[in-house]
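Undergrad: Numbering (the numbering used here), first residue to last: 1 to 396. Beta carbons are placed, not taken as given, at the ideal position from N, Cα and C, and that holds for glycine. Got a structure for you, questions after.
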Ligand code: ADP
Ligand code: MG
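Structure below.
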């Protein structure tokens, strides 16, 4: 069964003297021509250094932003090439003018062992997102070996992650991708128990499938953020001016019902921090049943933080996605940082996924106290849902 065929690690692939095409996730935040956060570039360093140390010729490819299939000079990978050259101590990084065509073939063809080329933004071509076979064939002309180390793009069936992999028999996963899959797979197949899911954030609609999966898999769900507002409203709690996803009330009720049927606790905040506006400098703690019509819930309250902390302390595994409140404002950040600290202190398997939740973990300087901090928001959620990721399946 091709579905169960194991994935090879980059460490098992022939690399010396080979052109090793590595799909990386260098979709980093930029300000003008400066990379403002190089976490994703650094996360791919172990794979890049492994290939270079074994005498491979590195051909790196990534997307950056959403140029929608057009050449947008402000989304050039040039600032990334500059930052990468600094990180690969002493190494030169040759940026091609386009990811396919004569120019790219010339740069890649001239590479010597241990040298590095970076292909220009893949999404300057509409064929990338269309998973176009001919475009993939053009990319394949630049590669003897294919490695995917872009977990953040693994849930997209795009040419550089899907069609291209199928064209190159010598293919495998990079070290970052393997680390991601290892941590997440344990949660999906055999989580140490009790397994707690801490879910919050604002995008409830994007998280329906993950709620459905976790209510069947975890032992308890601890809810915060706009997600909690929506669940409380679904139970008839007057939420004042709080952000609530009205069109998800029925979904919330069905998750609560499934939790009851399966014996899985779905735990909602008992108190919240409210204010009349998100720009208020401070809020007040109140029981959820006493939110005034002019107020909005912007964080979980101190009693809720304490009770979530207590449960997290004895968990065998914790998966966290979504901030507990409007944590960008200090007045409403205690829930998110309190939960982050509690998970960091938990001796079990602890995994965080999601752009804003991961940002909160970094902000609190707690990243190295988690078992795993996922570099892929959407991809980590899809994996937790139990879905197959196209970029992973293509490596089998
Ligand atoms: P993630 O990126 O971790 O998956 P989301 O994108 O779903 O998380 O949600 C993050 C956003 O949710 C943050 O900007 C945060 O301010 C917002 N948020 C969380 N709780 C609340 C709340 N009670 N009221 C308003 N915004 C909230
Ligand atoms: Mg987000």
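Taking the beta carbon of residue 1 as the centre, do at least 16 other beta carbons fall within 10 Å, making it buried, or is it exposed?
TA: As a working mapping, residue 1 is identified with position 1 in the chain shown. Note on residue 1: pLDDT 38, under 50, position unreliable in the model; the coordinate value appears next. Exposed, because fewer than 16 other Cβ atoms sit within 10 Å of the Cβ of residue 1.
Undergrad: Buried or exposed for residue 110, going by 16 or more other Cβ atoms inside 10 Å?
TA: Here residue 110 is taken as the residue at index 110 of the chain shown, counted from 1. Under this definition residue 110 is an exposed residue.
Undergrad: How would you write the range of the alpha helix (DSSP H) that residue 383 sits in, first residue to last?
TA: Translated into the one-based positions of the chain shown, residue 383 becomes position 383. Segment 377–384, the alpha helix (DSSP H) holding residue 383.
Undergrad: Locate the alpha helix (DSSP H) running through residue 286, then write down its first and last residues.
TA: One-based indexing of the chain shown puts residue 286 at position 286. Counting along the chain, residue 286 falls outside any alpha helix (DSSP H), though it belongs to the beta strand (DSSP E) covering 284–287.
Undergrad: Excluding the five sequence neighbours on either side, which residues of its own chain have a C-beta within less than 7 angstroms of the C-beta of residue 126, listed in chain order?
TA: What you label residue 126 is simply residue 126 of the chain shown in a count that begins at 1. For residue 126, where only same-chain residues beyond five positions count, the Cβ hits under 7 angstroms are 69.
Undergrad: For a test of the three-state rule: what should DSSP assign to residue 2, helix, strand or coil?
TA: Counting from one through the chain shown, the residue named residue 2 turns up at place 2. In this prediction, residue 2 has a pLDDT of 48, which is less than 50 and means its spatial position is unreliable; what the coordinates show is noted afterwards. In the structure shown, residue 2 sits in a helix (DSSP, three-state: H, G or I).
Undergrad: Apart from the five residues just before and just after residue 386, which ones in its own chain have a Cβ nearer than 7 angstroms to its Cβ?
TA: Position 386 of the chain shown, counted from the start, is the residue given in the question as residue 386. Once the five neighbours on either side are set aside, the close Cβ partners of residue 386 are 188, 213.
Undergrad: On the criterion of 16 or more Cβ atoms from any shown chain inside 10 Å, does residue 290 qualify as buried, or is it exposed?
TA: To locate residue 290, count along the chain shown from 1; it is residue 290. The residue in question, residue 290, is exposed, as its Cβ has fewer than 16 Cβ neighbours within 10 Å.
Undergrad: Using only alpha-carbon positions, find the residue among 202, 313, 198 that is nearest to residue 243.
TA: Within the chain shown, the letter at position 243 stands for residue 243. Out of 202, 313, 198, 202 has the C-alpha closest to the C-alpha of residue 243.
Undergrad: Report the option in 375, 226, 157 whose CA atom is closest to the CA atom of residue 272.
TA: By one-based count along the chain shown, residue 272 stands at place 272. If we check each option's Cα against that of residue 272, 226 comes out closest.
Undergrad: Quick one: grab the DSSP three-state call for residue 299.
TA: The sequence position of residue 299 within the chain shown is 299, counting from 1. In this structure, residue 299 counts as strand in the three-state DSSP scheme.
Undergrad: Which residues end up in the neighbourhood of ligand 2 when you take C-beta atoms closer than 5 angstroms to any of its heavy atoms?
TA: Contact residues of ligand 2 (beta-carbon closer than 5 angstroms to any heavy atom; chain order) are 355, 356.
Undergrad: Cutting at 6 angstroms between CB atoms, please list the residues of its own chain near residue 319, excluding the five before and the five after it.
TA: The residue you call residue 319 lines up with position 319 of the chain shown. Only 187, 197, 351 meet the Cβ criterion.
Undergrad: At a cut-off of 7 angstroms, is residue 321 close to ligand 1 when judged by its beta-carbon and the heavy atoms of the ligand?
TA: By one-based count along the chain shown, residue 321 stands at place 321. For ligand 1, at least one heavy atom lies less than 7 angstroms from the Cβ of residue 321.
Undergrad: Drop a sphere of 10 angstroms on the beta-carbon of residue 229, count the other beta-carbons inside from all chains shown, and report buried for 16 or more, exposed for fewer.
TA: On the chain shown, residue 229 is found 229 positions in, with the first residue counted as 1. Residue 229 is buried by the Cβ-count criterion.
Undergrad: Considering only the beta carbon of each residue, do residue 30 and residue 39 sit closer than 8 angstroms?
TA: Working through the chain shown from its first residue, we reach residue 30 at position 30. Working through the chain shown from its first residue, we reach residue 39 at position 39. Contact flag unset, no.
Undergrad: Using a Cβ-Cβ cutoff of less than 7 angstroms, which residues in the same chain neighbour residue 394 once the five nearest sequence positions on both sides are dropped?
TA: In the chain shown, residue 394 corresponds to position 394, counting from 1. Only 161, 162, 165, 166 meet the Cβ criterion.
Undergrad: Where does residue 9 fall in DSSP's three states?
TA: For this step, residue 9 is matched to residue 9 along the chain shown. Note: residue 9 maps to strand in three-state DSSP.
Undergrad: Using a Cβ distance threshold of 8 angstroms, determine whether the region 114–124 contacts the region 344–362, with at least three qualifying pairs required.
TA: no
Undergrad: Rounded to a whole number of angstroms, what is the C-alpha to C-alpha distance between residue 240 and residue 204?
TA: The residue you call residue 240 lines up with position 240 of the chain shown. The residue you call residue 204 lines up with position 204 of the chain shown. Going from the Cα of residue 240 to the Cα of residue 204 covers about 19 angstroms.
Undergrad: Here's a check: name, in chain order, each residue in its chain whose Cβ is nearer than 6 angstroms to the Cβ of residue 102, leaving out the five neighbours to either side.
TA: Translated into the one-based positions of the chain shown, residue 102 becomes position 102. Nothing meets the Cβ criterion.
Undergrad: Apart from the five residues just before and just after residue 8, which ones in its own chain have a Cβ nearer than 6 angstroms to its Cβ?
TA: Here residue 8 corresponds to residue number 8 of the chain shown, with the count starting at 1. Excluding sequence neighbours, residue 8 sits near 172.
Undergrad: Please confirm whether any heavy atom of ligand 1 lies closer than 7 angstroms to the CB of residue 376.
TA: Position 376 of the chain shown, counted from the first residue, corresponds to residue 376. No, the Cβ of residue 376 stays beyond 7 angstroms of every heavy atom of ligand 1.
Undergrad: So is residue 216 buried or exposed if we call it buried at 16+ other beta carbons inside 10 Å?
TA: On the chain shown, position 216 is the one that residue 216 refers to. Exposed, by the Cβ-count rule.
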